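A.B. asks:
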Amino acid sequence: MTAGGATAGVPGARPLRLVGVDAARGLAIVGMIAAHVIPRTTDAELVVDGRPSILFAVLAGLSLGLLAPTRAAEHPERTGVIRGRARASLGVRALLLMLLGLWLWTLPTNIAIILDAYGLMFLLMVPLLFANRTVLAIVGAALLAIGPLLVSLTDSLPPYVLYSATSPVDRALDLAQNPASVLADAFLTGYYPALLWVPLLCAGLIAQRSDLSSTLTRLVMVTAGLTAALAGYGAGLLIPGVSAEAHSVTPAELVGSGGLAVAIIGAALLLLDTGGRVAALARVALAPLTAIGRMPLTIYTLHVLVIALVVGVAGIGPAGAYESPAGWWMLGVLLVGSAALALIAERLGRRGPLEYALAQVGMLVAGSAARRASVPD
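With my numbering as the guide, the letters of the sequence shown map in order to residues 15 to 391.
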């Protein structure tokens, strides 16, 4: 789900793990699980609709900074090799996420799987991996501004029903038969339109490069994030024809939910990484959430598999169709099971198995790319 762990973005400094980022990532995972199993008595939007996935996108951008190593500044003669390795690593991780996501789509869960979309977003971020904050801000703002125009260009295309593709082979056939509609869904009009969500990843990458260990940076994140949230949601409430609803993929939704995500990350950092008694107590209280946030890909994948298993064996579900009390029981089982698994892995000093596999394959491919493009020391 993310490119790496959570560390402070201080150039030249040894990375320090930031508990607040892990906790925010855990909150995003918990929110997505809740969105899939909470009983729904009406069609009304829930607070867990859309927002957790946007929080995760901002966190994904933040984690991309870990693949842009500061060693390039210390060894300028090897800058090209170091950056090439980082881009290769990101590219292969993106492709693996896409493959995993496409497979999860084949399961009878009714979940709008996000992993393949994240993989596509990561591919789009490869050229921006080493961009400075100004460039990232310009790209993000430009995509927000032209997003509605780009979406309007797809109005004449025949609709593409994502759920009609029940396997990666079906998806490939759809792409061959109706490429414009499939690509429009992936980049512009789907649940998680990769191109329109790039500003969220840019926001996270900007935050990672702004010294997250600084109290001032964290306060700015909270203040700016809440301001953006008020602007986005306020526009949706007050301006006729403007929507900030979940999955509406409008500038108002992206600014509102994206700003809220930035504020949540900043607040989590202030609470958990400031030091002192309050932070220590908060770390203990939120340890299960933090542990979940350290193995997000594994937890996300497992919860999808569990929902598919329950649908297949007991006929309960799928996502979005749980009734009370079954949905609440599912939520409890998934959250307790996720926390227990994550805490055990943390206690044993182990990474999540999917996180480990993704990192190992990424490093293997990156190392191969570096050997092919190596320069003399």
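Glycine included, C-beta positions come from ideal geometry on N, C-alpha and C.
Predicted model only: the values in this text are computed from it and were never measured.
#1: Check whether the Cβ atoms of L311 and L355 lie closer than 8 Å to each other.
#2: On the CB-based measure, 16 or more other CB atoms within 10 Å of its CB, does V263 come out buried or exposed?
#3: Using the beta-carbon count (16 or more within 10 Å), is L378 buried or exposed?
#4: Please work out which residues of its chain come closer than 7 Å, Cβ to Cβ, to V33, disregarding the five sequence neighbours upstream and downstream, and give them in chain order.
#5: Would you kindly check if the distance between the Cβ of L348 and the Cβ of H317 is under 8 Å?
#6: Tell me the residue span of the alpha helix (DSSP H) that contains A58.
#7: Which residue's Cα is closest to the Cα of A198: G307, Y132, L167 and G218?
#8: If I follow the unbroken alpha helix (DSSP H) through G101, where does it start and stop?
#9: Going by C-alpha to C-alpha distance, which of L78, P302 and I127 sits closest to L142?
#10: With R232 and L283 assumed to form a contact (beta carbons below 8 Å), what rounded beta-carbon distance in angstroms separates them?
#11: Is the beta carbon of A249 sitting closer than 8 Å to the one on A266?
#12: Counting C-beta neighbours from all protein chains within 10 Å, is the total for W211 16 or more, i.e. buried, or is it exposed?
#13: Alpha carbon to alpha carbon, what distance is there between L319 and V149?
#14: Only counting runs of 4 or more residues, tell me where the alpha helix (DSSP H) segments fall wholly within the segment 309–335, in order along the chain.
#15: I need the boundaries of the alpha helix (DSSP H) containing G341, first residue and last residue.
#16: I need the DSSP call for R223, collapsed to helix, strand or coil.
#17: The alpha helix (DSSP H) spanning Y205 covers which residue range?
#18: Within 10 angstroms of its Cβ, does L163 collect 16 or more other Cβ (buried), or is it exposed?
#19: State the CB to CB distance for the pair G270 and G246, rounded to an integer number of angstroms; the pair is presumed to be in contact (CB under 8 Å).
C.D. replies: Taking the structure as given:
#1: no
#2: buried
#3: exposed
#4: L286, D287, R297 and T304
#5: yes
#6: Neither: A58 is in no alpha helix (DSSP H) and is coded neither H nor E.
#7: L167
#8: Residue identity check: residue 101 is Arg in the sequence provided, not Gly. Segment T93 to W119, the alpha helix (DSSP H) holding R101.
#9: L78
#10: 5 Å
#11: yes
#12: buried
#13: 40 Å
#14: 310–328
#15: A340 to R361
#16: coil
#17: No alpha helix (DSSP H) holds Y205; DSSP gives it neither H nor E.
#18: exposed
#19: 2 Å
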